[in-house]
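Protein chains in written order, with our numbering: chain D, 305 to 404; chain U, 98 to 245.
The beta-carbon is built from N, C-alpha and C at its ideal position, and this holds for glycine as well.
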Amino acid sequence: MINTDYQDGVMTVYLSGEIDQHTSKSIRQEIDSRTEALRPNLLCLDFSKVRFMDSSGIGLIMGRFRQMSLIGGRLKITNLPENIDRIVKLSGVQTLGVLK
Amino acid sequence: MKSQNYMDLKIPSKSINESFARSAVAAFCLQLDPTIAELADIKTAVSEAVTNCIVHAYNSANGEIYIKSEITDDRVLIVKIRDKGKGIADIKQAMEPLFTTGGEERAGLGFAVMESFMDKVKVTSREGKGTTVTLYKKFFRVTNEKPE
């Protein structure tokens, strides 16, 4: 479900499909295991191929933000489709320090 | 508000059914000629309510979720999502943004999303008996019926 790319301390995760409570668990486990192995300075989540996301995706973003904070890194979210951007804005995750 | 059409669904509280439930309700409301954004709103709100049943009402244990979708004569979609789970002790608190009993990976935004994406959300609950969430959304015709 996810593809990753790592270059110069930046790990980009290309998410795809639908993110809900059912799918977010395996996505979380995959991202966390790769983050632990690579320990990037910046984790970049790319949403361009995500067709659907509910607030489980916000939990996923907040959780990865915490994980990155623990290893002294930062989190960035990019290429949000309009319907996903609405939920992200509503959540206020950017006020926590998530980059966009 | 006379009912023009309806659909009844009963599904087990399995997380794999979240996708099916939101897609089924979205397919039912296609007869209202929704925009892509309206369809996304419906799918998201239904997904939140069904997830609440699975995660909170039944604590990921076995249970059944009842979804009744209805279209009224004046083009209002009403989706009633009911469970027979543990119920909500304090509805006001449960509806507060960021409040969650679901652990670190839950955002506590389910009701805030439902309220933001739908016209109206009604919640009734009895502890030990279950919860019913009713979602309302009016669909305007593409002609000159749109509000200012």
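Contact list for residue i against chain U, beta-carbon separation under 7 Å
| i | result |
| --- | --- |
| Leu-349(D) | Chain U residues near Leu-349(D): none, gap ~15 Å exceeds 7 Å. |
| Gly-363(D) | Glu-202, Arg-203, Ala-204 |
| Ile-381(D) | None at all; the shortest Cβ gap to chain U is about 14 Å. |
7 Å Cβ cut-off: residues of chain D touching residue i
| i | result |
| --- | --- |
| Ser-213(U) | Leu-394 |
| Gly-207(U) | Ser-359 |
| Ser-144(U) | Asp-324, Asp-358 |
| Lys-140(U) | Phe-356 |
Own chain, CB closer than 6 Å to residue i, minus 5 neighbours either side, in chain order
| i | result |
| --- | --- |
| Ala-191(U) | Ile-185 |
| Val-230(U) | Ala-146, Ile-178, Val-220 |
| Asp-358(D) | Asp-324 |
| Ile-175(U) | Glu-167, Tyr-233 |
Cβ distance (whole Å) where residue i is taken to contact residue j below 8 Å
| i | j | result |
| --- | --- | --- |
| Arg-338(D) | Glu-202(U) | That belief does not hold up - the Cβ atoms of Arg-338(D) and Glu-202(U) are roughly 17 Å apart, past 8 Å. |
| Gly-363(D) | Ala-204(U) | 4 Å |
| Ala-124(U) | Ile-108(U) | Incorrect: roughly 15 Å between the Cβ atoms, too far for contact. |
Interface partners of residue i on chain D, CB under 9 Å
| i | result |
| --- | --- |
| Val-220(U) | In chain order: nothing, as chain D lies at least about 16 Å away. |
| Ala-154(U) | Those within 9 Å of Ala-154(U) in chain D number zero; the least Cβ separation is about 13 Å. |
Chain D contact residues for residue i, given Cβ-Cβ distances below 8 Å
| i | result |
| --- | --- |
| Ile-331(U) | Any answer about residue 331(U) is impossible in this case: the structure gives chain U only from 98 up to 245. |
| Ala-134(U) | Glu-386, Asn-387 |
Chain U contact residues for residue i, given Cβ-Cβ distances below 9 Å
| i | result |
| --- | --- |
| Met-372(D) | The premise fails here: Met-372(D) is roughly 14 Å from chain U at the closest Cβ pair, so nothing lies under 9 Å. |
| Ile-391(D) | Thr-141, Leu-206, Val-210, Ser-213, Phe-214 |
Same chain, Cβ closer than 7 Å to residue i, five either side skipped, listed in chain order
| i | result |
| --- | --- |
| Gln-101(U) | Ile-168, Thr-169, Asp-170 |
| Ile-375(D) | Arg-343 |
| Glu-322(D) | Arg-355, Phe-356 |
| Gly-225(U) | Lys-183, Gly-184 |
Sequence-distant residues of the same chain with beta carbon closer than 8 Å to residue i, five excluded per side
| i | result |
| --- | --- |
| Gln-398(D) | Val-392, Lys-404 |
Inset, instruction - Name, going along the chain, the residues of the region 332–344 of chain D whose beta-carbon falls closer than 8 Å to a beta-carbon of chain U. - result: Arg-332
Legend entry - Selection of the region 307–327 of chain D by Cβ proximity to chain U, strictly under 7 Å: Glu-322, Asp-324, Gln-325, His-326
Inset, instruction - Could you list the residues in the region 169–189 of chain U with a C-beta less than 8 Å from some C-beta on chain D, going in chain order? - result: none
Inset, instruction - Name, going along the chain, the residues of the region 101–127 of chain U whose beta-carbon falls closer than 7 Å to a beta-carbon of chain D. - result: Ser-112, Ile-113, Glu-115, Ser-116
Legend entry - Contact between the region 157–164 of chain U and the region 370–379 of chain D (3+ Cβ pairs under 8 Å): no
Inset, instruction - Spell out a yes or no on whether the region 339–354 of chain D and the region 305–320 of chain D are touching, meaning 3 or more CB-CB pairs, one atom from each, closer than 8 Å. - result: yes
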